[in-house]
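Undergrad: Take this structure, written in structure tokens, and hold onto it; I'll ask about it next.
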Amino acid sequence: MPRITRVDIKDEPYHVINRANARLPIFFNEKDYELFEAVLESAKEKFNMRVLAYCLMPNHFHLILYPRQDNDLQKFMQWLTLTHTQRWHSQNKTIGTGHLYQGRYKSFLIQKDDHLLTVIRYVERNPLRAKLVTNAKNWNFSSLFRRLSGSTLKKELLSKWPISEPKNYLDFVNTPMTVEEIDAIRYSVNRGKPFGRNDWSNKIIYKYGLATTVRNRGRQIKGT
28 MPRITRVDIK DEPYHVINRA NARLPIFFNE KDYELFEAVL ESAKEKFNMR
78 VLAYCLMPNH FHLILYPRQD NDLQKFMQWL TLTHTQRWHS QNKTIGTGHL
128 YQGRYKSFLI QKDDHLLTVI RYVERNPLRA KLVTNAKNWN FSSLFRRLSG
178 STLKKELLSK WPISEPKNYL DFVNTPMTVE EIDAIRYSVN RGKPFGRNDW
228 SNKIIYKYGL ATTVRNRGRQ IKGT
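Numbering-wise, the sequence shown is residues 28 to 251 according to the working numbering.
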């Protein structure tokens, strides 16, 4: 099967997702979550990556990244996933037992307007939607918790958003999203389709030659 074409350009935000092999858990306890966060902090410094938001779930993670240079996203993600895999196996004494992730990460561009806010909200309310907590702020392994309760040092991982944060943001995150909002994001995840207004998305698709990629992903992936 041919590899999916990737767009890796500077000053554009991306939603990035990767799942554990066979969708099995990779975060079993607090140490496993903290290990990934430590690797994420190192990757951010190594590649000068802007991290706008993130959330770690038991068998996958979400990142909202905002690279400063062309091709930085791929370099960042390769180092992050390889280093995390190596350190995870070392910590769990499973060195040499195989791949940790199911394959290459998925990523798609996000328009820098309310669409970006929608995706950040989707990412940060993920534990609430999965019923792991009753309030999104109580999930310790996310950018929301880090922004609200983290130390000054912990907050340094996160970069300023290129859009304004709404007032009463926590209430906004805790409010259920519409089915249409969730379906639109999942459609972008499955198809690799840029997430934004139709005219913007179509412009990006044809500018970077993504029409075949979006069409092929629709055939390959039947659900989220």
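The beta carbon of each residue, even a glycine, is placed where N, CA and C say it ideally should be.
#1: With DSSP as the reference, label ARG174 as helix, strand or coil.
#2: Check the C-beta distance from HIS42 over to PHE172 and give it rounded, since I have them as a contact under 8 Å.
#3: Put ARG131 into one of helix, strand or coil per three-state DSSP.
#4: Quick check on ASP226: buried or exposed, where buried means 16 or more other Cβ atoms within 10 Å of its Cβ?
#5: Suppose you measure from the CA of SER186 to the CA of ARG174; what does that come to, to the nearest Å?
#6: When the distance is taken between beta carbons, is GLN138 closer than 8 Å to ASP35?
#7: To the nearest angstrom, report how far apart ILE231 and GLU151 are at their CA atoms.
#8: Which runs of the beta strand (DSSP E) spanning at least 3 residues fall entirely within the region 30 to 105, listed in chain order?
#9: Could you tell me the boundaries of the alpha helix (DSSP H) in which TYR26 lies?
#10: How many angstroms separate the CA atom of LEU184 from the CA atom of HIS89?
#11: Classify LEU127: buried if its beta carbon has 16 or more other beta carbons within 10 angstroms, exposed otherwise.
#12: Run through the DSSP bridge pairs and tell me what ILE137 is partnered with.
#13: Go ahead and label SER176 buried or exposed: buried means 16 or more other beta carbons lie within 10 angstroms of its beta carbon, across all protein chains shown.
#14: Considering only C-alpha positions, which residue in the set ASN119, ASN162, ILE190, ALA47 is nearest to ILE147?
#15: So if DSSP puts LEU143 in a beta bridge, which residue, or which two residues, is it bridged to?
#16: If we ignore side chains and look at the alpha-carbon of each, how far apart do MET76 and ASP141 end up?
#17: Looking at C-alpha atoms only, which residue of THR110, SER215, LYS37, ALA80 is the closest neighbour of GLN96?
#18: From this set, HIS111, PHE74, ALA49, which residue's C-alpha is nearest LYS58's C-alpha?
#19: Let me check one thing: in DSSP terms, what residues is SER169 bridge-paired to?
#20: Buried or exposed: where does VAL200 fall if 16 or more other Cβ atoms within 10 Å of its Cβ makes it buried?
#21: Would you kindly work out how many angstroms separate the C-alpha atoms of ARG246 and VAL216, rounded to a whole number?
#22: Tell me the rounded alpha-carbon separation between TYR60 and SER228.
TA: Well, looking at it:
#1: In the sequence shown, residue 174 corresponds to position 147, counting from 1. Correct three-state label for ARG174: helix.
#2: Here residue 42 refers to the residue found at position 15 when the sequence shown is read from its first residue. Here residue 172 refers to the residue found at position 145 when the sequence shown is read from its first residue. About 19 Å separates the two Cβ atoms, so there is no contact after all.
#3: Your numbering for residue 131 matches position 104 in the sequence shown. The answer is coil: DSSP assigns ARG131 none of H, G, I, E or B.
#4: For this step, residue 226 is matched to residue 199 along the sequence shown. It is exposed - the Cβ of ASP226 has fewer than 16 other Cβ atoms within 10 Å.
#5: Here residue 186 refers to the residue found at position 159 of the sequence shown. Here residue 174 refers to the residue found at position 147 of the sequence shown. Those two C-alpha atoms are separated by around 10 Å.
#6: Here residue 35 refers to the residue found at position 8 when the sequence shown is read from its first residue. Here residue 138 refers to the residue found at position 111 when the sequence shown is read from its first residue. It is not a contact, given that the beta carbons lie outside the stated cut-off.
#7: As a first step, residue 231 is located in the sequence shown; it is residue number 204 there, counting from the start. As a first step, residue 151 is located in the sequence shown; it is residue number 124 there, counting from the start. About 26 Å.
#8: 41 to 46, 77 to 84, 87 to 93
#9: In this structure the chain extends from 28 to 251, so residue 26 is not present and cannot be described.
#10: Looking up residue 184 in the sequence shown gives position 157. Looking up residue 89 in the sequence shown gives position 62. If you take the alpha carbons of LEU184 and HIS89, they lie about 15 Å apart.
#11: Along the sequence shown, read from residue 1 onward, the residue named residue 127 stands at position 100. LEU127 is buried by the Cβ-count criterion.
#12: Within the sequence shown, the letter at position 110 stands for residue 137. ILE137 is bridged to PHE222.
#13: For this step, residue 176 is matched to residue 149 along the sequence shown. With fewer than 16 Cβ atoms within 10 Å of its Cβ, SER176 is classed as exposed.
#14: For the purposes of this step, residue 147 is taken as the residue at position 120 of the sequence shown. The option with the nearest alpha carbon to ILE147 is ILE190.
#15: Locating residue 143 in the sequence shown gives position 116, counting from the first residue. None, per the DSSP bridge assignment.
#16: Numbered from 1 along the sequence shown, position 49 holds the residue referred to as residue 76. Numbered from 1 along the sequence shown, position 114 holds the residue referred to as residue 141. Whole-angstrom Cα-Cα distance: 22 Å.
#17: Against the sequence shown, residue 96 aligns to sequence position 69. That would be LYS37, whose Cα lies nearest to the Cα of GLN96.
#18: Here residue 58 is taken as the residue at index 31 of the sequence shown, counted from 1. The shortest C-alpha separation from LYS58 is found at HIS111.
#19: Position 142 of the sequence shown, counting from 1, holds the residue named residue 169. Paired residue(s): CYS82.
#20: In the sequence shown, counting from the first residue as 1, residue 200 sits at position 173. By the 10 Å Cβ count, VAL200 comes out buried.
#21: Translated into positions along the sequence shown, residue 246 becomes position 219. Translated into positions along the sequence shown, residue 216 becomes position 189. Since pLDDT at ARG246 reaches only 49, below the 50 mark, its modelled position is unreliable, and no value is offered.
#22: If you number the sequence shown from 1, residue 60 lands on position 33. If you number the sequence shown from 1, residue 228 lands on position 201. So the alpha carbons of these two residues sit roughly 34 Å apart.
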